[in-house]
Structures are given as C-alpha cells and as structure tokens.
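Inspection log for the structure reproduced underneath, given as structure tokens.
Residue numbers (this note's numbering): 20 to 661.
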C-alpha cells in the first residue's frame, strides 16, 4: 500500500538561536556528542519523545521554551561554542590536507584528487534519515563520516526513497509485517538543491520512446561531505516515474532498472549541475558501491563521445576505466542484479552511433546470453576493483574469473580492502570518556571493566523492556498481561546478541536446531545466559519471514521469554544499544557467504567478544585470544551441519 503524503512545518527560531538551525542541518550531530547534548538541553522531554530527531525537536518545542533559551546566557554560550566548533571542523585542514602538504614538499609530486564521487544505492547515516536496509548502506554511511573526519573530499550520490526501506512489526503469530511510512523531505535534515535562478534543480534521464524521468536533488550535509539524493517524486513525471524512488529495493525488473538508471546516469548529471552551481571541484575518481550505480560509466562515456574531445567509444572507455573504482559486496552470483538483455537494448538504442549498443551490451555479458549483468559491467568499466575482506577478495576472484580468460584465479585483478566502521558513531559515551585505549592496561582493571559492562548492559535491558512492551501492544497483548516484562533480562547475566538481515545464509534459527539445549542454557540455575535477537527479512523473502516466525514463537514461550527476546524493527538506534550492552556477539553464516560483516567490529569496540564462524572480517582478525571461532565443515552440503 502506498504511503500517504505527510507535510512538516518547521518552527521559526528566534534570531539568537539561528545557529541551532545550522547545527541541525549538518548530520555531524549524529556522531558528535557535544552537539547531541546541546539538542537534549533544548527540552529533554521533547527530545526523548522525538527519539533523538533534532528536526522534530525544533518543530515540537514550544515557542515559550525557545524564548527562554534565547534569553539564557549559559545556553547561548554553549550554542555559540558548538557552532564555532562546527565551522572549525568544516574549514580547518585535516588528515588528507596534511598528507597533500607533506607530499608536495617532497621531490616526487603526487597528484591527489580534489574530489571523489561515491555512489551507493543506500546510505545509513542516522535512523532519522532511513535510507538503508543493511550492511551495504551502513558501510556507505560510515564511509562518508570517516571521510569527513579525515578531510577526504568525497561527494556522495544516492536516491531519496520517500518510503525508505520499511518499518517492521510482528503479527500475533509472529509473522513479519511491513509498513511504509511517508517521509516528508522538508521534515528531514535536507536542503533542496537550487539552480542559479533559485528554482529547484532538475536532472533528467531519457527513457525509451521519448519518455523522460526527471528528479529533484536533495542535499544531506554529512560533516564536510555533501550527499546528493535524487528524488523522482516531482510533478512533471507521470505516476510510474514519480514512484521510481518510492522504496528501496522495491518493484519488478523495469522499476529496478529505472532506479539504477537514475542513480548512475542521473547521479552523474546531478554532480555536474551541483559542481557548476556551487563551484565544488569536479570529481576525478568515481567509486561505485556495488553494481547498482554501474550506469555512471555509460554516462561518462557518453560525455566523452558527445562533448569535449569527442573520443571514440574505445578511447572513452579507457579514459573512464582509468578513473573508476568498483567495490563488490556480493559473494554469490544470485546476489547480483541481472536484467533482460532486451530491456537494456531498448533503453540505450538512442545512443547510437556515439555508443554502439552492441558494445554496451557486451559490457554486461555473462554466461546467459539473454541477461545483462550489472556487476560484470561495473568490473569492465573499472580500472580497480576490490572485495570487502581478504576471504571475500579470494571468493570474488574465483567468481568473476571468467571476465579475465587465461588468468589463474590468483591473478584476477580484484584486490581486497577489509571494511571498517566509524568509531564515534558506534562507541558508547562511557567508553569514549575513558581516554586513549593505549592507556587502559595501566589505568583500567577488571573490576572497573565489569562495572562498565554492567552499566552498558543495564542500558540495553531498559531498552529491551521498552521495546518488548511496544511490540506486545502492537501484537494485541493487553497491558495487564505484561507484568513479566518488568523483570525480563538481568543486568548480572551474560548477554548474547544476534542482529542482522535475515536471508537464509545467515542462519538465524541455527540456534534452534536443538531447542531443548538452548532452553537449558537460558535457564541454567548456576550460569544462565540471555539472548537478544533482531533482524528484518526482505519483503519478498517468504523463507526469511518463516525463520523470523520460528524464532519469535520460541521467544514467546512463557518459560524462556524473560531470557530471550526478538525485537522488531532493527535500525541504527536499536543497534547502538545492542553493540553497547551485549557481552558476546554471535554470527553463524554459511562460510564464505558473509562478505565482511561489520556488526562484530562494533561490538568489539564496546568490549564485546565475538563468537563467530570464521568468515568475512573474523577470518582474518581472529587470533585465538580475542573471541571464539565456530568450526566450519566446508565439505558438507547440509546447511545445518555445515
């Protein structure tokens, strides 16, 4: 069901509080604790009711309270200090600038890009801007934040989905239900990009038979990094075209193709317009996060064949490859976007003769002659490519070896760069306040560590109880039946976390293979344990939804429900509590199908220990002392026994 349109009215701030609006519109607040604390000071009750959304905060706080703050000298001092700190952060030199200065002083002159375009179908920056479904988007969000902190001149490009991914709830019998709340861009920390004449900027992508797909461009400022988000919900589009950016990963082949055309081709055109209007440097390198944005290479070839030097196709292809990087996150062919070859041919027929359609189709050729493979195109258009862990790099070289006939698998030019995480986003405040980790062995003993872990575990348990009540109410449980929630989970009990997307290869229900053994572990009278579980299944994945239902039915059992819980609607906000409070992070995918898996890194940053199959990042980071490795029977086909 299509979500209803929702409009947001923003409050007018007193002149003395103008800087508050500036702070709200830069997403650095999502990882800067001092700015976060300042927002809470505006009105603690409203801040809590708004779930940490500063745009909603300013829309709901009373005018009387704003007037009080405008006359509060202590608050104004904090406000001006925060605004000055943001300006210094945005304008001062950082790591990237210092490296440039150092290399320019040496004998060898190194050319550093003035701008790098980073394309991704999703970005997970904050739960306030729900434009992500899982690890790919969270990584992209962390990538922008880390680049901002380091001063790396990225320019992000994505789509603005008016209904995001989906919100998850559970039916009375534990089945996943999807909801698509309407997002009003005016109620989000976004600014509409405008042309020189003040009108909303438009980019257009040509479709077959003379049709056109138009989009406006919203800008999310992620610290120093502008993120351009294309939005097709504009009045000059027809109903089908307006719905192109309705939902993340929604619709059939034609709908998905239009999304990827808009991301790749429209994204390049949005960059060109943005740079022309603002004076931002043109990107010298284009980085595509998976194959979804692969058409950016076709657009750049078109530019070189139709404008400027007017190169031939082969020369333009080589020029584009020299400035393109491709990151694959997919360890199985089934995870790659593939479109009917006829659909691609119809889309690009009008590019003849500048771009011969047969040459274009060859870029996406694969074993099935009727399919166009987006990952194959992305690799053929890129000068450099990488997987996201050492093991995944090896898997990728084997999976894509047919693109380099005559090469041994080890010689296939796909390297590996293991994913990382943005520490300030995920590390608990209490740990950040401990100072530099290098000093901990001398200043931090086991008793203090346990006190810290108990504190963080207690925060998690408070959140678990809150969410259990909300979920039970949504499933039709009467409040009088929920007295048990007040004593659910124990701050003194070992807590295991398992939270991620729910495709079959991640094996959510592997722990239920022997339910009585699990029950005994949860209820052990001497050394019990407790588990908190969360995750979403793709709306079209009935098998994943069945796994969730099986898990929920187990957690609903009155005998164990105080020791194990499934929390619906896993998002960034919930994830932080899980990473902070869980003592052990469980991960049991089918090896080698976990390309990287960064959730365990975030748990480790907060003092958690990993209990995981040696897959993705854990395969290279496990050292025998920093957690536990679950053995894998690589030669066994049974996904339960393996």
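Even glycine gets a Cβ: it sits at the ideal position worked out from N, Cα and C. Small disclaimer: the values here were computed from a predicted structure and weren't measured.
* Asked: Going by Cα to Cα distance, which pick from 654, 493 and 596 is closest to residue 194?
  -> 493
* What do you get for residue 278, buried or exposed, if any count of 16 or more other CB atoms within 10 angstroms of its CB means buried? -> So residue 278 ends up on the buried side.
* Do residue 549 and residue 509 come within 8 Å of each other at the CB atom, strictly closer than that value? -> yes
* In this structure, does DSSP put residue 329 in helix, strand or coil? -> coil
* Asked: What is the DSSP secondary structure of residue 194, counted as helix, strand or coil?
  -> coil
* Assigned secondary structure, residue 629 (DSSP; H/G/I helix, E/B strand, else coil) -> strand
* In this structure, does DSSP put residue 658 in helix, strand or coil? -> coil
* To do: Using the Cα positions of residue 515 and residue 296, report the straight-line distance between them to the nearest angstrom.
  => 51 Å
* With distances taken Cα to Cα, identify the nearest neighbour of residue 164 among 593, 445 and 564. => 445
* Asked: Quick one: is residue 23 buried, meaning 16 or more other Cβ sit within 10 Å of its Cβ, or exposed?
  -> Reliability of the predicted coordinates at residue 23 is poor, the pLDDT of 49 falling under 50, and the value obtained from them is presented with this limitation in mind. Under this definition residue 23 is an exposed residue.
* Asked: Excluding the five sequence neighbours on either side, which residues of its own chain have a C-beta within less than 8 Å of the C-beta of residue 20, listed in chain order?
  -> Because the pLDDT at residue 20 is just 44, under 50, the model does not fix this residue reliably, and the value given afterwards should be weighed accordingly. 199.
* Residues near residue 391 in its chain [Cβ-Cβ closer than 6 Å; skip 5 each side] -> 358, 360, 363 and 383
* Cβ contact (3+ pairs, closer than 8 Å) linking the segment 475-492 and the segment 453-464 -> no
* Asked: Starting from residue 174 and walking both ways along the beta strand (DSSP E), at which residues does that stretch end?
  -> 173-178
* Asked: residue 287 and residue 246: beta carbons closer than 8 Å?
  -> No, the pair does not count as a contact, with Cβ atoms beyond the cut-off.
* Considering only residues of the same chain and omitting the five flanking positions on each side of residue 603, which have a CB-CB separation below 6 Å? -> 515, 628 and 630
* Asked: Where DSSP assigns a beta bridge to residue 235, which residues make up the other side?
  -> 221 and 250
* Skipping 5 residues on each side, what residues in its chain have a beta carbon closer than 8 Å to that of residue 528? -> 566, 569 and 570
* To do: Taking 8 Å as the cut-off, decide whether the C-beta atoms of residue 558 and residue 197 are in contact.
  => yes
* Is it buried or exposed for residue 37, if we count other Cβ within 10 angstroms and need 16 for buried? -> exposed
* Pick helix, strand or coil for residue 183, following the three-state DSSP scheme. => coil
* If you compare alpha carbons, which of 114, 71, 613 and 447 is closest to residue 437? -> 613
* **Close-in-space but distant-in-sequence residues of the same chain around residue 537 (CB under 7 Å, 5 per side omitted)** => 530 and 531
* Candidates 255, 229, 244 and 211: closest to residue 237 by CA position -> 211
* What did DSSP end up calling residue 63 once you bin it into helix, strand or coil? -> helix
* For residue 517, count neighbouring C-beta atoms within 10 Å of its own C-beta (all shown protein chains included) and say buried if the count is 16 or more, exposed if not. => Around the beta carbon of residue 517, a 10 Å sphere encloses 16 or more other beta carbons of the protein chains shown; the residue is thus reported as buried.
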